[in-house]
Amino acid sequence: MSSTDLELPQNLELKKGPFSAQVILNGALLNRLTKETENGPVEVISGYADRSEWEILDGYRGAILAPWSNRIEDARYTFDGKEYDLGEREPGLRDGLHGLVYNQDFTVVEQEPHRVLLETKVTAGSSYPGDLVVQVSYELTEQGVITQVSAYNPGEKELPVGLGWHPYFKHTGSYRLSFDAQARVQADENLIPLPGAAAYEPTGGVVELDVTEGIDTPFTDLLRPVAKLETEEYQLTMHYRGVLNGPGVGIFHVYTGDFLENRPNLSLALEPCEFVTNAFNREECKEMSLLAPGETRVLEAELVID
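The sequence shown begins at 6 in the working numbering and counts up by one.
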């Protein structure tokens, strides 16, 4: 398979109706989603513009988050009586950020003009207790795109799994984001949620954010797993379909892109995730995160774009 963009790693193109997309095979990234309109193409998902941005993983644009999402405190967790040490992400920084597959090569399992199914494998080792098969599919529709991230446990013992997706949505400096969530997650200076119930600050049920508030924050205890984003160029509805079980289980993580090295404050990360940050070290997440032998769990995010 040849690359469709020589400045980026090996990638492929999808097309259906007014929508076109670019998928990078390394990391299974949905790097670009564009809608053709009467006034020309509108960029919806903002990915890496060139190879230099991709090489430094600026903002982890479009990352598939597995077998956990976001951070692990001190890059350590204990499972089944054994400690797993994820090491330093860079000198002096231990945060276990964004799992193990964001920079792994994926292989193409199925491909159609509007859809692709990709697969990779996490192997047991010092970072993770077992083998895990991770599949990612992107399917363009007449209304947008459906993203599915799945994890299959081929082994003989339970494994901890938390799935997520890290897309950035372009805006021109103005937007409005809204969803129904009963708790905003309170975290320390390392963005690790506070212990126990102190992590969950009541919101009143309705969350409305605009460009004036710069945050990198999860929201949870979702009343409806639906988020709406309005920009000057398009309106988007995200439907999250996955585990939901009160505080910590089922989240929208919002990052406003203030500290991106490239094009800061011109895109918004709206991340559907199964569990709150540091899930493998939190009691409210541990049981729900377990994936039994022979079982598969799926996170789905459908984008409807007007």
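Just so you know, even glycine gets a beta-carbon here, dropped at the ideal spot from N, CA and C.
- Taking C-beta separations shorter than 8 Å and ignoring five residues to either side along the sequence, the partners of E300 in its chain run Y157, N158, following chain order.
- Burial state of G201 is exposed, judged by a 10 Å Cβ sphere holding fewer than 16 other Cβ atoms.
- C-alpha of Y180 to C-alpha of M243: approximately 15 Å in a straight line.
- Close CB contacts of A192 within its chain, under the 6 Å cut and outside five residues either way in sequence, are with P198 (chain order).
- Between T261 and the set Y133, Y173, G169, V139, the nearest pair of CA atoms involves Y173.
- The alpha carbon of L38 has as its nearest neighbour, out of F285, R66, E60, the alpha carbon of R66.
- Of the other Cβ atoms in all chains shown, fewer than 16 fall within 10 Å of the Cβ of D55; this residue is therefore exposed.
- In the structure shown, W73 adopts coil according to DSSP, grouped into three states.
- The closest CA to that of N36, considering only K21, P46, E58, G22, is found on E58.
- The C-beta distance from V154 to I29 rounds to 15 Å, too long to meet the 8 Å contact threshold.
- Listed in chain order, the non-local C-beta contacts of V309 below 6 Å within the same chain comprise Q148, G149, T242, local neighbours out to five positions each way being set aside.
- The distance from the Cβ of T146 to that of W170 is about 17 Å, inconsistent with a contact at the 8 Å cut-off.
- Beta-carbon to beta-carbon, V106 and V138 are separated by about 11 Å, too far to satisfy the 8 Å threshold.
- It is roughly 9 Å from the alpha-carbon of L182 to the alpha-carbon of V216.
- For S57, the enclosing alpha helix (DSSP H) stretches over residues 56-60.
- Look at E88 here: in three-state DSSP terms it is strand.
- Looking at S74, L296, V113, F257, the one whose alpha-carbon comes closest to that of G160 is L296.
- Ranking E288, R76, G255, L164 by CA distance to the CA of P298 puts L164 first.
- In the DSSP assignment, S294 falls within the unbroken alpha helix (DSSP H) covering 288-294.
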